[in-house]
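Colleague: Here's a structure for you.
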DNA sequence: GGCGAACCTAAAATCAACCTGAGAATCTGC
DNA sequence: GCAGATTCTCAGGTTGATTTTAGGTTCGCC
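Residue numbers (this note's numbering), protein chains in the order written: chain A, 1 to 224; chain B, 1001 to 1224.
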């Protein structure tokens, strides 16, 4: 996730950047409105945070010009201007959200998540480990070189493994979580599906593997 | 523009309804969480406003269930709970915005505009994939060579598929999103409509197809 | 080193999930 | 009230994901 931050107060900009970096966002910080427009035009961001009062060009003007260009990037306005009129102006200029200073870091993060979620609802929900990626929307298991569409049971199994990397999951847990208590399937269907998944991981050239630990269960591990 | 308002305090519900009506929104008011779920399933709203503390089912649970069904309707939470933790919970449960009482009418209106605007930006009048185009105004499904006018149910189904290219959509999701919870239609109407759509796509010479993945659902795919 | 239990996997068998044509029931515009 | 469009049920057919089977291999333990 890559964000643009336009905030002219250096100290605050650094604090926000630090918060965002700690939450796995890549952040480009700029310190005036014209720079914001330039960077937004030159790069492909997942969202932007704009202050209103900035040198050269104010945040509302930046916002209006971005929207005038047909860009519907998620944009949050973060400002000290807390009057209702200001909020209305900001939101009607095309902002997705409007947050006033002082703010709680966790609220900023939650609002950024909410704002970008709607946008990228389609590319979301991917689980990763090593060079392998499982897309929960398309059921696709992929590596840089190739990809497979998994069957339902294969998918549920891979999902459970990827949700707990390096953690042991017992055969009984698989049976309970995927087949349910009222299933009369034999215990070894789990072995069969592990076999299927291993075959597909091998075909993808995965650098992770499903490891069996006797009398304990299975776990996803990096290959040595 | 049609909105659902779920707010159990009658006086406040009437005030909000009046404000919204005055701004050309059609409003259905409900007074508990279960009613909210029922009305959301039975109708096609442009947005919803949920209180958190309500009889029978709280607003967060309503929100979670709506999102679990794959519905990305714009939803604003309007509540007296103003703690940062509550905001984070609400936004992470899938809310598009979170506004605390007491609130200014103009801010509520601006936030509703912002929230529904982002949604309808995606909802342009034409949806495309491959050589196929669906016009949401005329219900026409067309290819470069020919076109059909779709029936209502066919259209809704195609719309849902086109809104999520390559994503799997389960039979249950189709039933919930298109037929609603209180429909007594059998599950296999979905199969019948898939069959209708496939026939029309074939007649149009489409280079996309509706693929079934057993025990998982349907998805729109490029033909090999 | 021998034994049994736990795991592996190719291949066959199964059966619910899916497909589709026919037609009944319902709605809609004229 | 009629014609046509739309929505839905039913029934018989097909298929492929799931499961079982069966014959291996590996591992820990005495």
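Note that beta-carbon positions come from the ideal geometry of N, C-alpha and C, so glycine has one too.
Give a yes or no on whether 8 Å exceeds the smallest Cβ distance from residue 1100 (chain B) to chain A.
Modeller: It does not: the Cβ of residue 1100 (chain B) has no partner Cβ on chain A nearer than 8 Å.
Colleague: Which runs of the beta strand (DSSP E) fall wholly inside the segment 121-152 of chain A and span at least 3 residues, in chain order?
Modeller: Listed in chain order, the complete beta strand (DSSP E) runs (minimum 3 residues) inside the segment 121-152 of chain A are 126-129, 132-135, 140-142, 147-149.
Colleague: So which residues on chain A does residue 1063 (chain B) lean against when the C-beta distance must stay under 8 Å?
Modeller: Correct list: empty, because the minimum Cβ distance to chain A is about 11 Å.
Colleague: Could one say the Cβ of residue 1134 (chain B) lies closer than 8 Å to chain A's Cβ atoms, at least one of them?
Modeller: Not an interface residue.
Colleague: Taking a contact to mean a Cβ-Cβ separation below 8 Å, would you say residue 1127 (chain B) touches residue 1163 (chain B) in this structure?
Modeller: In this structure, residue 1163 (chain B) lies closer than 8 Å to residue 1127 (chain B) by Cβ.
Colleague: What is the DSSP secondary structure of residue 1218 (chain B), counted as helix, strand or coil?
Modeller: Note: residue 1218 (chain B) maps to strand in three-state DSSP.
Colleague: Check for me: the alpha helix (DSSP H) holding residue 197 (chain A) runs from which residue to which?
Modeller: 189-203 is the extent of the alpha helix (DSSP H) around residue 197 (chain A).
Colleague: For chain B, find out if any of its Cβ atoms is closer than 8 Å to the Cβ of residue 200 (chain A); answer yes or no.
Modeller: No, residue 200 (chain A) lies away from the interface with chain B (no Cβ there is under 8 Å from its Cβ).
Colleague: Less than 8 Å separating the beta-carbons of residue 1174 (chain B) and residue 1192 (chain B)?
Modeller: No.
Colleague: Going by CA-CA distance only, name the one from B:1209, B:1187, B:1025 that's closest to residue 1167 (chain B).
Modeller: The residue with the shortest Cα to Cα distance from residue 1167 (chain B) is B:1209.
Colleague: Any beta-carbon of chain B closer than 8 Å to the one on residue 106 (chain A)?
Modeller: Output row for residue 106 (chain A): interface = yes.
Colleague: What is the C-beta distance between residue 60 (chain A) and residue 89 (chain A), in whole angstroms, given that I count them as a contact (C-beta under 8 Å)?
Modeller: Right, their Cβ atoms sit about 6 Å apart.
Colleague: Keeping to the same chain, check which residues put their C-beta closer than 6 Å to that of residue 122 (chain A); ignore five residues upstream and five downstream.
Modeller: Unreliable placement is indicated for residue 122 (chain A), whose pLDDT of 47 sits below 50; the coordinate value is still reported in the next sentence. None.
Colleague: Could you pull out every residue in the same chain whose Cβ sits closer than 8 Å to the Cβ of residue 10 (chain A), ignoring the five residues on either side in sequence?
Modeller: Closer than 8 Å at Cβ, skipping near neighbours: 31.
Colleague: At the 8 Å Cβ level, is residue 97 (chain A) part of the contact set with chain B, yes or no?
Modeller: Yes, because at least one Cβ of chain B sits closer than 8 Å to the Cβ of residue 97 (chain A).
Colleague: Throw me the rounded Cβ distance for the residue 45 (chain A) and residue 4 (chain A) pair, which I believe falls under 8 Å.
Modeller: Between residue 4 (chain A) and residue 45 (chain A) the Cβ distance is about 5 Å, and since that is below 8 Å, they are a contact.
Colleague: By DSSP, does residue 26 (chain A) sit in helix, in strand, or in coil?
Modeller: Strand, per DSSP.
Colleague: Sorry if obvious, but does the Cβ on residue 1060 (chain B) come closer than 7 Å to a heavy atom of the ligand ZN?
Modeller: No copy of the ligand ZN occurs in the structure displayed, which carries no ligand at all.
Colleague: For a quick check, are the C-beta atoms of residue 143 (chain A) and residue 206 (chain A) less than 8 Å apart?
Modeller: Closer than 8 Å, so yes.
Colleague: By the criterion of Cβ-Cβ separation under 7 Å, what are the contact partners of residue 91 (chain A) in chain B?
Modeller: Going along chain B in sequence order, the residues near residue 91 (chain A) (Cβ under 7 Å) are 1110, 1111, 1113, 1114.
Colleague: Closer than 8 Å between beta carbons: that is the criterion. Which residues of the segment 143-160 of chain A meet it against chain B?
Modeller: Under the 8 Å Cβ criterion, the segment 143-160 of chain A contributes 149, 151, 152, 153, 155.
Colleague: Taking the beta carbon of residue 1176 (chain B) as the centre, do at least 16 other beta carbons fall within 10 Å, making it buried, or is it exposed?
Modeller: Buried: at least 16 other Cβ atoms inside 10 Å.
Colleague: By a C-beta neighbour count over all protein chains shown, 10 Å radius and 16 as the cutoff for buried, is residue 1111 (chain B) buried or exposed?
Modeller: It is buried - the Cβ of residue 1111 (chain B) has at least 16 other Cβ atoms within 10 Å.
Colleague: Which of helix, strand or coil does DSSP assign to residue 52 (chain A)?
Modeller: Here residue 52 (chain A) sits in coil by DSSP.
Colleague: Beta-carbon within less than 6 Å of residue 993 (chain B)'s beta-carbon, same chain only, minus the 5 sequence neighbours each way: which residues are those?
Modeller: Not covered by the structure: residue 993 (chain B). The range shown for chain B is 1001 to 1224.
Colleague: Name the two residues that bound the continuous alpha helix (DSSP H) containing residue 1060 (chain B).
Modeller: From DSSP, the alpha helix (DSSP H) with residue 1060 (chain B) extends over 1059-1068.
Colleague: Using 8 Å for Cβ pairs, my map puts residue 1136 (chain B) next to residue 1159 (chain B). What's the rounded Cβ distance?
Modeller: Right, their Cβ atoms sit about 7 Å apart.
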